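Numbering (our numbering), first residue to last: 1402 to 1583.
Ideal Cβ placement from N, Cα and C applies to all residues, glycine included.
No experiment lies behind these values; they were computed from the predicted model shown.
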Ligand SMILES: [Zn+2]
């Protein structure tokens, strides 16, 4: 186990009940679909908004326990993976940083996504981004840390893909201090 692994285990969050989280998440998504009369794009936006609203508390807790923040966009590759492990007890299967003509972005792939474990959506929901909350949390963390970006779930295991992939893109880094002053 490398240094990163040791840090992650030492600072593991208190054990959450995953079944409770899955049940709550599923109920919220059901409600969102109902409120939007089954409109999938609108529901995907709302699922992301739930994640964005969750982010400040998660970021504050993560800061108090780990105090490790990204100072450049590229560093979110490791810090968000560590935050994921801090909360779920496991890392992503694969995290990829890309910087080419398509721009600067990071892909977080999980073949055993905790949020949609045992969830199989019926074909009419194949475009539903069941784990878009994760994209929302990541995007809001990016914003709170002074970056302008885009977040989205690219594919979802609950909708039949072999893994869940969340993407965050950097539009620009805002000129703010990287020191945490709280
Ligand atoms: Zn998932």
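Where residue 1430 falls, given that 16 or more other Cβ within 10 Å makes a residue buried: buried
Are residue 1545 and residue 1456 close, meaning C-beta to C-beta below 8 Å? yes
Considering only the alpha carbon of each residue, which of 1466, 1495, 1489 and 1490 lies closest to residue 1479? 1495
Any idea what DSSP makes of residue 1508, helix, strand or coil? strand
If you draw a straight line from the alpha carbon of residue 1402 to that of residue 1490, how long is it in whole angstroms? Low confidence applies here, because residue 1402 scores a pLDDT of 49, under 50, leaving its location unreliable; read the following figure in that light. Approximately 15 Å between the Cα atoms of the pair.
Express the C-alpha separation of residue 1499 and residue 1560 in angstroms, rounding to a whole number. 25 Å
Could you tell me which of 1473, 1484, 1445 and 1474 sits nearest to residue 1464, measuring between CA atoms? 1484
Any idea what DSSP makes of residue 1544, helix, strand or coil? helix
Which of helix, strand or coil does DSSP assign to residue 1498? strand
Which residue spans inside the segment 1458-1493 form an unbroken alpha helix (DSSP H) run of at least 4? 1477-1489
Select from 1521, 1534 and 1512 the residue whose C-alpha is nearest the C-alpha of residue 1422. 1534
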